[in-house]
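Here the structure comes first, spelled out in structure tokens, and everything after it is commentary.
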Amino acid sequence: MNSPIIPTNQLAHCVMGSWSLIRHCHRARSRDAGISRDTAPYAPPCIGATHGTARPATCGVSPLWRYQKRHYQTNITKTRATSPMIQPLGVSPLTLHSSLFTIPRLRIASPHASVKLRGSFVPLLAKEKIMPAKDFLKSKIDAMADTPMQRKLRKIAPMPIGCVFLPWPGMTEQDAREHFGLMKNLGYTCLKQTMPTPEWPATKTLALALEEGIVPFWYAEGGYEDITPALLKKLGLSPKLSIDEAMKHPKMIAYQTKVFAARIDRTKTGMAGLGESKKKKGETEQKDKYWVPGMVGDVRGHELHPDALPAFVEWLKKQYRTVDKLKDAWNYWHVGIGSNKNNWQTWDEVLAALKAGVGGGEYRRTRDMLAFRAETFTQQHITDRVDEQQELDPHEPIRAGGEMGLFLSFASRGTDMELIAKEMARGGSFYPSIHLAWHFEEVDFEVARPVYMQAQIAHDWAKGIWSATWESTGGPQYFSGGKSPFVKEAQDKQPGFTTDENTMTQLMLSYLAAGFKGFGLWAWNARTAGWEAGEYALVDRNRKPTQRAITVGKIGQAARKWSRELWAGQKEPVVGILQDWENEAYWAAMAVTGRDFYRFLPVRARVGASRAFINANVPWEYVTARDLQAGLGDRYACIYVPAFISISSTLQKNLHNFVKNGGRLVLDMPGAYYDEFGRVFLTDEGTWFEKTFGCVLNEFSYSTQLNVPYSIDNVNINGFTCVLTPTKGKVVRNYDQQPRPAITEHKLGKGTAVVLAAEASLNCWKPGNTGMENLIVKTTLGDLESPYACDGALCYRYATPTADHYFLINDGPAGSAKLNTKQFKYKQLQDAVTGETLVAGKPINIPGYSGRWVRAVK
Numbered sequence: 002m003n004s005p006i007i008p009t010n011q012l013a014h015c016v017m018g019s020w021s022l023i024r025h026c027h028r029a030r031s032r033d034a035g036i037s038r039d040t041a042p043y044a045p046p047c048i049g050a051t052h053g054t055a056r057p058a059t060c061g062v063s064p065l066w067r068y069q070k071r072h073y074q075t076n077i078t079k080t081r082a083t084s085p086m087i088q089p090l091g092v093s094p095l096t097l098h099s100s101l102f103t104i105p106r107l108r109i110a111s112p113h114a115s116v117k118l119r120g121s122f123v124p125l126l127a128k129e130k131i132m133p134a135k136d137f138l139k140s141k142i143d144a145m146a147d148t149p150m151q152r153k154l155r156k157i158a159p160m161p162i163g164c165v166f167l168p169w170p171g172m173t174e175q176d177a178r179e180h181f182g183l184m185k186n187l188g189y190t191c192l193k194q195t196m197p198t199p200e201w202p203a204t205k206t207l208a209l210a211l212e213e214g215i216v217p218f219w220y221a222e223g224g225y226e227d228i229t230p231a232l233l234k235k236l237g238l239s240p241k242l243s244i245d246e247a248m249k250h251p252k253m254i255a256y257q258t259k260v261f262a263a264r265i266d267r268t269k270t271g272m273a274g275l276g277e278s279k280k281k282k283g284e285t286e287q288k289d290k291y292w293v294p295g296m297v298g299d300v301r302g303h304e305l306h307p308d309a310l311p312a313f314v315e316w317l318k319k320q321y322r323t324v325d326k327l328k329d330a331w332n333y334w335h336v337g338i339g340s341n342k343n344n345w346q347t348w349d350e351v352l353a354a355l356k357a358g359v360g361g362g363e364y365r366r367t368r369d370m371l372a373f374r375a376e377t378f379t380q381q382h383i384t385d386r387v388d389e390q391q392e393l394d395p396h397e398p399i400r401a402g403g404e405m406g407l408f409l410s411f412a413s414r415g416t417d418m419e420l421i422a423k424e425m426a427r428g429g430s431f432y433p434s435i436h437l438a439w440h441f442e443e444v445d446f447e448v449a450r451p452v453y454m455q456a457q458i459a460h461d462w463a464k465g466i467w468s469a470t471w472e473s474t475g476g477p478q479y480f481s482g483g484k485s486p487f488v489k490e491a492q493d494k495q496p497g498f499t500t501d502e503n504t505m506t507q508l509m510l511s512y513l514a515a516g517f518k519g520f521g522l523w524a525w526n527a528r529t530a531g532w533e534a535g536e537y538a539l540v541d542r543n544r545k546p547t548q549r550a551i552t553v554g555k556i557g558q559a560a561r562k563w564s565r566e567l568w569a570g571q572k573e574p575v576v577g578i579l580q581d582w583e584n585e586a587y588w589a590a591m592a593v594t595g596r597d598f599y600r601f602l603p604v605r606a607r608v609g610a611s612r613a614f615i616n617a618n619v620p621w622e623y624v625t626a627r628d629l630q631a632g633l634g635d636r637y638a639c640i641y642v643p644a645f646i647s648i649s650s651t652l653q654k655n656l657h658n659f660v661k662n663g664g665r666l667v668l669d670m671p672g673a674y675y676d677e678f679g680r681v682f683l684t685d686e687g688t689w690f691e692k693t694f695g696c697v698l699n700e701f702s703y704s705t706q707l708n709v710p711y712s713i714d715n716v717n718i719n720g721f722t723c724v725l726t727p728t729k730g731k732v733v734r735n736y737d738q739q740p741r742p743a744i745t746e747h748k749l750g751k752g753t754a755v756v757l758a759a760e761a762s763l764n765c766w767k768p769g770n771t772g773m774e775n776l777i778v779k780t781t782l783g784d785l786e787s788p789y790a791c792d793g794a795l796c797y798r799y800a801t802p803t804a805d806h807y808f809l810i811n812d813g814p815a816g817s818a819k820l821n822t823k824q825f826k827y828k829q830l831q832d833a834v835t836g837e838t839l840v841a842g843k844p845i846n847i848p849g850y851s852g853r854w855v856r857a858v859k
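Residues 2 to 859 (the numbering used here) make up the sequence shown, in order.
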């Protein structure tokens, strides 16, 4: 772990600041998006929103995602289904990741199956078989992220197993060599990072690791110079060698070792590319360069320093072109907004008004300020940094992302993580930092399900790009987490965890299931004094190997064994959970003059929807508005839209087409409240809403047990409801209390649009609301079903051309699980880590609070 960090918007301001400043800001824990530098100037380059400057190769940026769409089509039998900063070498680099690869494959799910929902089986009464198209648009996803860097990574298929090594007072060279030897023997391949001490400069540690066969940078083989026919010829090798043969050849290993050594030397000479920009300071300074005043936990990312306002006005000119169009967009003609004070005629008047201060009751202006901050940061500290790295060393990946809590509202912080992820297609890899004490307050320190959600969102923002946790928990923690500035309720709670071999198994299998390809663990050994001393380590307090360290090494080696298989694979989702920066920006705008917690609601809704499908063992992933615009809608049979307070006109069009093309769309409450300008969403006859959902939304209402309670099928609703008047749609369920539509369906084209008139996903933010989770799943799937089932464990499936990988997570005492692969038929089932042969249909034993990795050979 690193020192304290600063919120994304604050970080964005201090990115070009001095190293000492950056290090002090570091642990402000909202390292939202950018190139990350891990506490010291001795980590490989990485870009992170919460960090200062971008660093070279040790961080990785990977190509944009390429999805392969996989459209579930129905074979009708009786009824047609309707459905930021960069880190120096050796410390913590900037990473982005290359994404999923899968191979087309037809599969049919049984028509009359049950899906286990939190202890009870709910019949789905499927009337038809589900037959996906040839693939899930994997080739399209790959094409979206088709860059030289991502092509190289796909060729090499790296799977780094790295950890942070921290020198201690009095450590001898022999001590260090013994630990590096132990790492290698246990299966670790690289250093995620190191930190300097007065006795041990970082470069000395890195060089010693390299001598002992440990790659000194987080990317391991991912940092190889591209293995081309020209390079093979240069080394006197046959150009016909397979990539695997070439990588194992002593001449190639010796050559690439020299490449790594040269990068270490760059840190000694202080050459640009080790974290410092090559441009003069004035050329790379961010326009919005000042910290936002206030405590970390109370950052309002829309507030711009006066020095940033001229640049903001220039940005507005590009968006709106004329002052009149700006006034229209900012709702000048609406009651309570337009007045003599904002009846601007020139851009100079706009700038003067912004400097004088404008109220927060108009939401589009706030949205624009957030967008300006996000785009400016990405351009100046991600895009420009990648350009520099490409010029310096195009073979060395950098990573972007940062140490941030993925349950934070990034839009409210003026950060766009998906935009940053896409920029990393050229550079290397996108990554999150996942630490239990730092990044789980928003879910009350729950681990088993939220860790998969965190991995999913990071991977799915970077579809087609190399992604992994290049900073993840390595051992126990109990005093860490700082002040918990973002969640007041967590400030009086002890952030303690048992992080043994079983917990680490849950984490690593969840990462692989989400599509991550590699691990960077903090740390091999613990700090010895002060901040976080004695925490996070794979070895024990006496620097002796633990079962945790051994287990991590074994899982890591299994991941390397099946590396090519995993790189050729992909997730095959039935459900896409929609996520959109614009929606989150409007929730954030509402929080400026309204309740502060509004900005967290879209994230809580995302968590709630994810929880429902995880517990039902339904394969899902996050789909973004940008994904739909890129043509990835056919990858999903169903799309669930959780608490979308605002739906843009572009998203409206794409969702409408998704339904017409055969998808099943489900909107819960509160949804479709504002349009993209913060105006009341039109829902009368003839509007997009009515044409898509086949009903008029007359008004919103609210259900509480203290006022007027509502329920659906005896499932209580705590929150928003609405009044619907069907036009072309039909009523599927009424509220229990009165004959008012609670669920409606509308057949449109080949698909179906559904309104779930209840605050459903937000009611599942916390665990325990089994009834609402079941309602979400049943309403979303309709006549469809999950292509597999697992009784006794959570189950995630990752498909590849040669084998499917099932990751079973047990969040309770030791027991067994029964995996039902339904129509998927396999030659053999085996434990992917131990090689043990498993018998199809027989119980699979799983240790308590742990997991098993099952490889099903086709």
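The beta carbon of each residue, even a glycine, is placed where N, CA and C say it ideally should be.
Check                                                                                                                                                                   : Outcome
Are A761 and I777 close, meaning C-beta to C-beta below 8 Å?                                                                                                            : yes
Could you tell me the distance, in whole angstroms, from the CA atom of T835 to the CA atom of R565?                                                                    : 18 Å
Between the beta-carbon of G519 and the beta-carbon of P802, is there less than 8 Å?                                                                                    : no
Under DSSP, the alpha helix (DSSP H) around D394 begins and ends at which residues?                                                                                     : Where D394 is concerned, there is no enclosing alpha helix (DSSP H), given that its DSSP letter is neither H nor E.
Would you kindly work out how many angstroms separate the C-alpha atoms of D714 and E746, rounded to a whole number?                                                    : 17 Å
Does the Cβ of L830 have 16 or more other Cβ atoms within 10 Å, making it buried, or fewer, making it exposed?                                                          : buried
Look up I810 in the DSSP assignment and give the residues it is bridged to.                                                                                             : L795, G852
Taking the DSSP output, what are the residues bridged to G577?                                                                                                          : E622, I640
Determine the burial state of E363: buried for a count of at least 16 other Cβ atoms within 10 Å of its Cβ, exposed for fewer.                                          : buried
Helix, strand or coil: which one does DSSP assign to I646?                                                                                                              : coil
Just how far apart, CA to CA, sit L236 and Q257?                                                                                                                        : 11 Å
Report buried or exposed for L513, applying the criterion of at least 16 other Cβ atoms within 10 angstroms of its Cβ.                                                  : buried
When the Cα atoms are used, what is the spatial distance from A177 to P168?                                                                                             : 8 Å
Does F181 come out as helix, strand or coil in the three-state DSSP assignment?                                                                                         : helix
For H440, which of E389, A456, V165, F682 has the nearest alpha-carbon?                                                                                                 : A456
Output the distance between the C-alpha atoms of T705 and Y711, rounded to the nearest integer angstrom.                                                                : 8 Å
With a 10 Å radius around its C-beta and 16 neighbouring C-beta atoms as the bar for buried, classify W860 as buried or exposed.                                        : Residue 860 lies beyond the stretch modelled for the chain, which goes from 2 to 859, so this question has no answer here.
Provide the residue span of the beta strand (DSSP E) that contains E746, from first to last.                                                                            : 742-749
Inspect the beta-carbon positions of I847 and A818 and report whether they are closer than 8 Å.                                                                         : yes
Quick one: Cα of W582 to Cα of K464, how far?                                                                                                                           : 16 Å
Can you list, in chain order, the residues of its chain with a C-beta nearer than 7 Å to that of P477? Leave out the 5 residues immediately preceding and following it. : F498, T499, T500, E536
Measuring straight from C-alpha to C-alpha, what distance separates V858 and A550?                                                                                      : 28 Å
Would you kindly work out how many angstroms separate the C-alpha atoms of F411 and A438, rounded to a whole number?                                                    : 19 Å
Please classify D227: does DSSP put it in a helix, a strand, or coil?                                                                                                   : coil
Tell me the DSSP bridge mates of I847?                                                                                                                                  : G816
Within this structure, are the beta carbons of T384 and Y432 separated by less than 8 Å?                                                                                : no
Please name the residue in D737, L757, G171, L579 whose C-alpha comes closest to that of G1.                                                                            : With the chain covering only 2 through 859, there is no way to say anything about residue 1.
Please state whether the Cβ-Cβ distance between F166 and L211 is less than 8 Å.                                                                                         : no
Can you have a look at K826 and say buried or exposed, based on whether 16 or more other CB atoms are within 10 angstroms of its CB?                                    : exposed
What do you get for L656, buried or exposed, if any count of 16 or more other CB atoms within 10 angstroms of its CB means buried?                                      : buried
The beta strand (DSSP E) with T347 in it runs from where to where?                                                                                                      : Unbroken run through T347: none, as it is neither H nor E.
Does the beta-carbon distance from P240 to P230 come in below 8 Å?                                                                                                      : yes
What is the DSSP secondary structure of I109, counted as helix, strand or coil?                                                                                         : The pLDDT assigned to I109 is 28, lower than 50, so where the model puts this residue is not dependable; a value taken from the coordinates is nonetheless given after this. Three-state result, I109: coil.
If you reduce the DSSP assignment to three classes, tell me which class Q738 lands in.                                                                                  : coil
What are the start and end residues of the beta strand (DSSP E) that includes T470?                                                                                     : 470-474
Can you tell me which of P620, A426, G816 puts its alpha carbon nearest to the alpha carbon of H806?                                                                    : P620
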